[in-house]
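One point on numbering: in the UniProt record's numbering, the residue at position 230 of the sequence shown is 230, and numbering is uninterrupted.
Built from N, CA and C at the ideal position, the CB exists for glycine as well.
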Amino acid sequence: MSKKSIYEEKLAERGLFRVNNVRYLKYYLFFISQNTDISYSVESEDKEELQRKINMAINNVHTGIDSQIEEMNEQAIKHLLPNRSFRWIEKNEDRMVYFVWSMLRFVSTRTYELDDQKRAFSYEFSVRYCLRHLDDEERNPYHISGLNKLPLNSAEALELVYDFFDQWDAKASAKEKLMGILKEKWRYISHHLNPNYSWIEPKNKAQNIWIYNYIKSKLEFLPHLIQPVSAAQYYNSNIAILDTLFTCHQDEILNPNRRRNKRKSSSNTEDSSRHEERYITSNDVMYKMMKAWKQKRFREKTGRTSAKSKPSDTQSEQTPLHDERLI
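Set out below in C-alpha cells:
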C-alpha cells in the first residue's frame, strides 16, 4: 500500500472527497480554474503534483476556494462518470483508443448549446460537415474544451478521452449518451464493417508512408491527427483515419478511380448501377489499396515503374504529399 503524501492528508482533512483519485483531483483543479483567476494545467500531471496544486489554491486566501469545498464535492459527484462507463475502452488496444479519441475530436454538433437540461446535443458525423467545423468555437465540443489536440501516443489519447468527459460541463446523462454513441460507432467499424487491415505491417515504415500518401491523394485526408514520424505513428494514424472515414461515410466511399474525373449530372437522380459505380464499400477500398501496393512491389522487384505511379511511389519520408482534401 503506497504511503499517503502530506498533501493528500491535508486535502482529506479539509473535507475533499477521493483525494487519491486522479480523475477527482483533475476535476477539482478544473473547478478552481473555472471559479478563480488562477488557471492550472492538468494534463499529464502525477497525483502528488495535482494534490500540491489544489492544496496551494485552497491555502491562497485570495481565491476563496476554502469556502467552496462542499460545492467542489457536489459538482464532482454530479459531473464525473463512474469508471464502469469507460471500461469498454481497452487501454492496451491502440486501435480502439485512437478510434475513440479520433471520433471525439472529429464530431461536431448541429446546435450551439446543450438543451435546457444540459442533457444532449444533436451530433453530426458527416465528414464534410465535421471538417468544416473542426476548429469551430461553437460546434466542435473537443475544440471548445481546449484540450491537447495532438496526443503523441495511445496513453495520451486515452487520458484525453477521460479529461474530455470529466471536464465537459454537462450532466452525466449527456455524457452517457455521447459515450453510448461512441461505443456503437466502435461496434459498427470493428464488427459490422471489419475492414481488412491484415496486410498492413505495423513495423513496415515504407509501406505505411505509402498508405498515408494513398489516403491523402485518393481518399479524404483528415487533418486532426498528429503528423506521423515513426513507423508506429504512421500505422496508427492510417488505421485511425480509415476507421474514422469508413464509419462517418457509413461504408459508402467515393470510388478513388472516379475522384479525378468527377462529372456533374444534369439529373437529380442516378440509377442504381451508376450509384454502385460511383460509391464503393470499405472492403472495396481496402482491396484496391492492397492491389495497388502489391503492384508497386511487383514493379520494384521486376525493375519496372510506370510514369503514372512515380509521384506517389517515390515519395520520400521527409516530403509527404500536400494536404489534398477531396470532399
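Task: Classification of T244 by the beta-carbon crowding that lies within 10 angstroms, buried from 16 upward - done: Locating residue 244 in the sequence shown gives position 244, where the first residue counts as 1. Buried: at least 16 other Cβ atoms inside 10 Å.
Open item on the list: S67 and residue 399 - do their beta-carbons sit closer together than 9 angstroms?
Closed with: As displayed, the chain neither begins before 1 nor continues past 327, which places residue 399 out of reach and without an answer.
Task: Cβ neighbour criterion (16 or more within 10 Å) applied to H192 - done: Translated into positions along the sequence shown, residue 192 becomes position 192. H192 is exposed by the Cβ-count criterion.
- [ ] With a threshold of 16 other CB atoms inside 10 Å of the CB of I6, please say whether the residue is buried or exposed.
- [x] Translated into positions along the sequence shown, residue 6 becomes position 6. It counts as exposed.
TODO: Can you have a look at R105 and say buried or exposed, based on whether 16 or more other CB atoms are within 10 angstroms of its CB?
DONE: Your numbering for residue 105 matches position 105 in the sequence shown. Classification for R105: buried.
Task: DSSP bridge partner residues for T109 (one or two, in chain order) - done: Here the question's residue 109 lines up with position 109 in the sequence shown. In the DSSP output, where bridge partners are listed per residue, T109 has Y123.
Open item on the list: Measuring alpha carbon to alpha carbon, tell me which residue in E49, L50, N73 and S39 is nearest F17.
Closed with: For this step, residue 17 is matched to residue 17 along the sequence shown. Checked all of E49, L50, N73 and S39; the closest Cα to F17 is N73.
TODO: Give a yes or no on whether the C-beta atoms belonging to Y235 and K183 are separated by under 9 angstroms.
DONE: In the sequence shown, counting from the first residue as 1, residue 235 sits at position 235. In the sequence shown, counting from the first residue as 1, residue 183 sits at position 183. Cβ atoms of Y235 and K183: not closer than 9 angstroms.
Open item on the list: Tell me the rounded alpha-carbon separation between K185 and N148.
Closed with: Start at 1 with the first residue of the sequence shown, and residue 185 comes out as number 185. Start at 1 with the first residue of the sequence shown, and residue 148 comes out as number 148. Rounded to whole angstroms, K185 to N148 spans 23 angstroms at the Cα level.
Open item on the list: Let me check understanding here. Comparing Cα to Cα, which of V100, R128, R297 and R52 lies closest to I239?
Closed with: Reading the sequence shown from its first residue, position 239 is the one you call residue 239. Measuring from the Cα of I239, the nearest candidate turns out to be V100.
Task: Alpha-carbon spacing of I241 relative to M286, whole angstroms - done: For this step, residue 241 is matched to residue 241 along the sequence shown. For this step, residue 286 is matched to residue 286 along the sequence shown. Roughly 13 angstroms between the two C-alpha positions.
Task: W199 versus N59: straight-line alpha-carbon distance, rounded - done: Position 199 of the sequence shown, counted from the start, is the residue given in the question as residue 199. Position 59 of the sequence shown, counted from the start, is the residue given in the question as residue 59. Answer to the nearest angstrom: the Cα atoms are 58 angstroms apart.
Open item on the list: Judging by CA-CA distance, which residue of T109, Y27 and V127 is the nearest neighbour of P141?
Closed with: As a working note, residue 141 is residue 141 in the sequence shown. Of the candidates T109, Y27 and V127, the one whose C-alpha sits nearest the C-alpha of P141 is T109.
Open item on the list: Just verifying my parser: in three-state terms, what is the DSSP assignment at Y279?
Closed with: Your numbering for residue 279 matches position 279 in the sequence shown. In the structure shown, Y279 sits in a strand (DSSP, three-state: E or B).
TODO: Can you check DSSP and say which residues form a bridge with L254?
DONE: Taking the first residue of the sequence shown as position 1, residue 254 is located at position 254. Answer is Y279, bridged to L254.
TODO: Put T36 into one of helix, strand or coil per three-state DSSP.
DONE: The residue given as residue 36 occupies position 36 in the sequence shown. T36: coil per DSSP, three-state reduction.
Open item on the list: Could you check whether N92 and I65 sit closer than 9 angstroms to each other, using their CB atoms as the reference points?
Closed with: On the sequence shown, residue 65 is found 65 positions in, with the first residue counted as 1. On the sequence shown, residue 92 is found 92 positions in, with the first residue counted as 1. Not in contact: I65 and N92 (Cβ atoms no closer than 9 angstroms).
TODO: Go ahead and pull the three-state DSSP assignment for W293.
DONE: If you number the sequence shown from 1, residue 293 lands on position 293. The answer is helix: DSSP assigns W293 an H, G or I state.
- [ ] My understanding is that V127 touches H249, with C-beta atoms under 8 angstroms, so please give their C-beta distance in whole angstroms.
- [x] To locate residue 127, count along the sequence shown from 1; it is residue 127. To locate residue 249, count along the sequence shown from 1; it is residue 249. At roughly 6 angstroms, the Cβ-Cβ gap stays under 8 angstroms, so V127 and H249 are in contact.
Open item on the list: Measuring only the C-alpha atoms, how far is E124 from H79?
Closed with: As a working note, residue 124 is residue 124 in the sequence shown. As a working note, residue 79 is residue 79 in the sequence shown. So the alpha carbons of these two residues sit roughly 24 angstroms apart.
- [ ] May I have the straight-line CA-CA distance separating K296 from Y212, to the nearest angstrom?
- [x] Mapped onto the sequence shown, residue 296 falls at position 296. Mapped onto the sequence shown, residue 212 falls at position 212. One C-alpha to the other measures close to 15 angstroms.
Open item on the list: Would Y98 and A157 qualify as a contact pair, given that the criterion is a beta-carbon distance under 9 angstroms?
Closed with: Taking the first residue of the sequence shown as 1, we reach residue 98 at position 98. Taking the first residue of the sequence shown as 1, we reach residue 157 at position 157. Yes, the pair counts as a contact, with Cβ atoms nearer than the cut-off.
Task: Distance, C130 Cα to F164 Cα - done: Against the sequence shown, residue 164 aligns to sequence position 164. Against the sequence shown, residue 130 aligns to sequence position 130. Cα-Cα distance, rounded: 18 angstroms.
Task: Collapsed DSSP secondary structure at K183 in the structure displayed - done: The count along the sequence shown starts at 1 and reaches residue 183 at position 183. Here K183 sits in helix by DSSP.
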